[in-house]
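Residue numbers (numbering that gives the first Met the number 0), protein chains in the order written: chain P, 0 to 356; chain S, 0 to 356. For reference, the structure discussed in these notes is given below.
2 protein chains.
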Amino acid sequence: MKRKVTLKQIAKELDVSISTVSRALSNSKEIGEETRQKIQAFAKFYNYRPNNIALSLKNKKTKTIGILIPEIVHHFFSTVIRGIEIVANKRGYNVIIGLSNESFSKEVINMEMLANGSIDGFILSISKETLLQQDYHHFKETISQGIPIVMFDRVINEVDCDKVIVDDYKGSINAVKKLIATGCKNIALITTMDYVSVGKLRTQGYLKALEDHRINPKASLILKLDDSLALEEHLDILEREIEQFFKNNDKIDGIFAVNELYAVTAMKVARKLDFRIPEDIQVIGFTDGVLSKHARPSLTTVSQHGQKMGEQAANLLIDRLELDDEEDDVYVDENEIDMDFKTVVIETELIERESTK
Amino acid sequence: MKRKVTLKQIAKELDVSISTVSRALSNSKEIGEETRQKIQAFAKFYNYRPNNIALSLKNKKTKTIGILIPEIVHHFFSTVIRGIEIVANKRGYNVIIGLSNESFSKEVINMEMLANGSIDGFILSISKETLLQQDYHHFKETISQGIPIVMFDRVINEVDCDKVIVDDYKGSINAVKKLIATGCKNIALITTMDYVSVGKLRTQGYLKALEDHRINPKASLILKLDDSLALEEHLDILEREIEQFFKNNDKIDGIFAVNELYAVTAMKVARKLDFRIPEDIQVIGFTDGVLSKHARPSLTTVSQHGQKMGEQAANLLIDRLELDDEEDDVYVDENEIDMDFKTVVIETELIERESTK
DNA sequence: TGTCAACACGAAAACGTTTGCGTTGCGGAT
DNA sequence: ATCCGCAACGCAAACGTTTTCGTGTTGACA
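Below is the structure:
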């Protein structure tokens, strides 16, 4: 077992000083040709690599991004991670991942854990519990410590930071308009409780589209489901709820669901009740994942382009980090420092498949 | 912007030495009651938290696990990550993620990047390209540097380390036996090229099950597909390949596919060709993911219990890391050190759904 | 021969911790 | 008055780097 070789060991072995070794390896002109060659050869032979931790300590930057998300077994989130990782890697950063599991306390713990020097900045999507409690002190404290945050998808206005979102509102409007345009008269909405910002916005988009076409929304056509029903254990309950919803509204000819699972389950129920898709009922979901592509019939969805979101978020964060670097040199008035946080909106795309005409 | 406070700052402010502050905060008996109180109060007020990087440098351990996987937008892998994260978190570790994207060079780069002090150990699944090239020097070097590795799912015999695998062989045998037991006479196998170890093992399981029932395997009933067909862009090609396969073998009454996608696609094709499932053709897939649950009909699969694999892998790694700690104290003969690497086998489970009788 | 650059390198600080050991002051025992 | 012990704290090393500021040795030049 040959442990990693350090500058000190090389120095000792070659009977020079540590500083000489360091300089020789960085090709400093201050070191004589002969010594430099000798040191470089030795270092290469022993496969010397500078210790990241020591560098982090010295440079006060870790070249690591902390990702904090509610859940990882989730097509959308993993897509975002991939986007982040690709950009991070390209720009010389690593990513460290924390899962909040939709829990406020885990989110806080994880943040504090990583904020103590482990990372240079955060990219995160807020947990449902946090959204519900509306307690955002951990975000604000982190930012006030000089650690930048980029939020994506589930964001809030209360915290000043860069954000990357999808235009849930507009995406929903387009989806519902598509249903209207293809002849739907009674469009149902299957959504979540309002505290999840994205659910709320999508609901608003649904209403707006109806309004634009002078269609009166009916409360009976809106099904608000508890989030816990999205869990795999409660699939049957979810199915029953939706089935009941169908039986209460026999005129439904279009469905807009705020996520993939609701949409697919609705299709399942519809077929069970002998509706034909898309002839009798058309269905559109939000979030383009694996289910949509492989469902039977395949599902028309509003795609969020998760990977692009991740890439944008990573670029925003790294841009800010490296901008901060420069400002360490030049003195900049703290109050004048870029309070111009950006909110990047990723365009949604309606991916038409078999569940619509 | 109030930057993080350090021991030095506290010491200066309270006019004591750094060591006194450090000791006071760790409740050392050596520090006078009064001073201790004062320091603790001050530290609490300024929300002092020790800097992780400094601790890592001093302790020569980062309390961070490196995960290296081929792909993250993948139900199985993300499940494993969740398992790892849960255990890691519970035991005080963080996880840092690197994606090889099935590329050998990215795998190597990522490893070297993280091996330079950033992590204490690796949990990884080998990329296809690495498997194909059979170049495992980076694993061996990492291990010889004293950084332990735990491999999962895609493992190799050539490297000595802990491993967590699923019994692909046995799982496949059971699946195929189930098909045989329910009356299938002509069972087709849809698999990948042999260099991916799991594909190979699953193929062997298929053959073994047939052999046990004195059924002669027919080459025409085995479809080996190129991996690239699993990509989403090539879904149509995949479908055509499978359709052609069906047309060449009109007697197929059972299908065993080595992954979920192949199985679901096969079902799609079968229905298109007017076969009834499970009456005419029964289908079983490997890897229990989202598709299996929501496919129509829902798919009987061999579940790999990814989360459990992740948990086991994390426990194996951390156990070894913390065992190494103790051995730093007591002197242990290097040659006698535990060469007893474990290979944990996670039992597969046949989850029966609608695609089988 | 004395002066001064240029060259080649070393010492030490700094990043933030922990910890072994040394030091100070003081009270009590002899 | 002397010595010992102990309480309470400081010094400094160590982890592995980079970098600023020396410092010594050359050689050239006047």
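Just so it is clear, CB atoms sit at the ideal spot from N, CA and C, and this is done for glycine as well.
Within 8 Å (strictly less), CB to CB, does residue i reach chain P?
| i | result |
| --- | --- |
| S126 of chain S | no |
| H137 of chain S | no |
| R295 of chain S | yes |
| N334 of chain S | Caution applies to N334 of chain S, whose pLDDT of 49 falls short of 50 and renders its modelled position unreliable; the model cannot decide the point. |
| E33 of chain S | no |
| M0 of chain S | yes |
| S143 of chain S | yes |
| V289 of chain S | yes |
| K43 of chain S | no |
| R275 of chain S | no |
| E84 of chain S | yes |
Against chain S, does residue i count as a neighbour if the rule is that its beta carbon must be under 8 Å from one of theirs?
| i | result |
| --- | --- |
| T181 of chain P | no |
| M112 of chain P | yes |
| Q8 of chain P | no |
| T367 of chain P | There is simply no residue 367 of chain P to check, as chain P begins at 0 and stops at 356 in what is shown. |
Looking at the unbroken alpha helix (DSSP H) that takes in residue i, where does it start and where does it end?
| i | result |
| --- | --- |
| D161 of chain P | Counting along the chain, D161 of chain P falls outside any alpha helix (DSSP H), though it belongs to the beta strand (DSSP E) covering D161 to V165. |
| N51 of chain P | N51 to N58 |
| F44 of chain P | E32 to F44 |
| Q8 of chain S | L6 to L13 |
| I142 of chain S | H136 to S143 |
| L131 of chain S | K127 to Q132 |
| M150 of chain S | Premise fails: M150 of chain S lies in the beta strand (DSSP E), I148 to F151, not in any alpha helix (DSSP H). |
| V20 of chain S | I17 to L24 |
If we count the other Cβ atoms within 10 Å of its Cβ and call it buried at 16 or more, is residue i buried or exposed?
| i | result |
| --- | --- |
| F44 of chain P | exposed |
| R275 of chain P | exposed |
| H357 of chain P | With chain P covering 0 to 356 only, the question about residue 357 of chain P has no answer from this structure. |
| L24 of chain P | buried |
| D167 of chain P | buried |
| L222 of chain P | buried |
| N247 of chain P | exposed |
| K217 of chain S | exposed |
| G309 of chain P | buried |
| A87 of chain P | buried |
| R295 of chain S | buried |
| D287 of chain S | buried |
| D332 of chain S | In this prediction, D332 of chain S has a pLDDT of 49, which is less than 50 and means its spatial position is unreliable; nothing more can be read from the coordinates. |
| R319 of chain P | buried |
| G357 of chain P | The question about residue 357 of chain P has no answer, for chain P in this structure spans 0 to 356. |
| D273 of chain P | exposed |
| L322 of chain S | exposed |
| N334 of chain S | Its pLDDT being 49, under 50, N334 of chain S is placed unreliably by the model, and the measurement read from it follows with that caveat. With fewer than 16 Cβ atoms within 10 Å of its Cβ, N334 of chain S is classed as exposed. |
| Q132 of chain S | exposed |
| K60 of chain S | buried |
| D193 of chain P | exposed |
Starting from residue i, trace the beta strand (DSSP E) both ways and give me its first and last residue.
| i | result |
| --- | --- |
| L302 of chain S | Checking the sequence shown, residue 302 of chain S turns out to be Ser, not Leu. T299 to S302 is the extent of the beta strand (DSSP E) around S302 of chain S. |
| G82 of chain P | From DSSP, G82 of chain P is part of no beta strand (DSSP E) but of the alpha helix (DSSP H) over H74 to K89. |
| F245 of chain P | First-last for F245 of chain P: L234 to N247, but that is the alpha helix (DSSP H), not the beta strand (DSSP E). |
| M0 of chain P | Premise fails: M0 of chain P is in no beta strand (DSSP E) and is neither H nor E. |
| L222 of chain P | I221 to L224 |
| V94 of chain P | N93 to L98 |
Going by CA-CA distance only, name the one from the options that's closest to residue i.
| i | options | result |
| --- | --- | --- |
| G120 of chain S | S:G145, S:H137 and S:H136 | S:G145 |
| H212 of chain P | P:G198, P:Q243 and P:L178 | P:L178 |
| I64 of chain P | P:I251, P:K271 and P:I122 | P:I122 |
| Q8 of chain S | S:K271, S:D152, S:I38 and S:N26 | S:I38 |
| L234 of chain P | P:Y92, P:V20 and P:T264 | P:T264 |
| K341 of chain S | S:K199, S:N156 and S:Y205 | S:N156 |
| Y261 of chain S | S:D323, S:L206, S:N173 and S:E240 | S:E240 |
| I85 of chain S | P:V15, P:E70, P:V289 and P:Q203 | P:E70 |
| V149 of chain S | S:A312, S:L349, S:L322 and S:V344 | S:A312 |
| R48 of chain S | S:K3, S:Q36, S:L56 and S:K28 | S:K3 |
| I66 of chain P | P:M112, P:D339 and P:Q203 | P:M112 |
| D159 of chain S | S:D339, S:Y92 and S:L224 | S:D339 |
| F41 of chain P | P:N51, P:V20, P:N258 and P:A208 | P:V20 |
| S102 of chain P | P:N93, P:I125 and P:G82 | P:I125 |
| T300 of chain P | P:L316, P:R270, P:E348 and P:I280 | P:E348 |
| G284 of chain S | S:K139, S:G170, S:V107 and S:E238 | S:G170 |
Could you round the C-beta distance between residue i and residue j to whole angstroms and report it? I think they count as a contact, below 8 Å.
| i | j | result |
| --- | --- | --- |
| E353 of chain P | S297 of chain P | 5 Å |
| I142 of chain S | S117 of chain S | Their Cβ separation, rounded to whole angstroms, is 16 Å, which puts I142 of chain S and S117 of chain S out of contact at 8 Å. |
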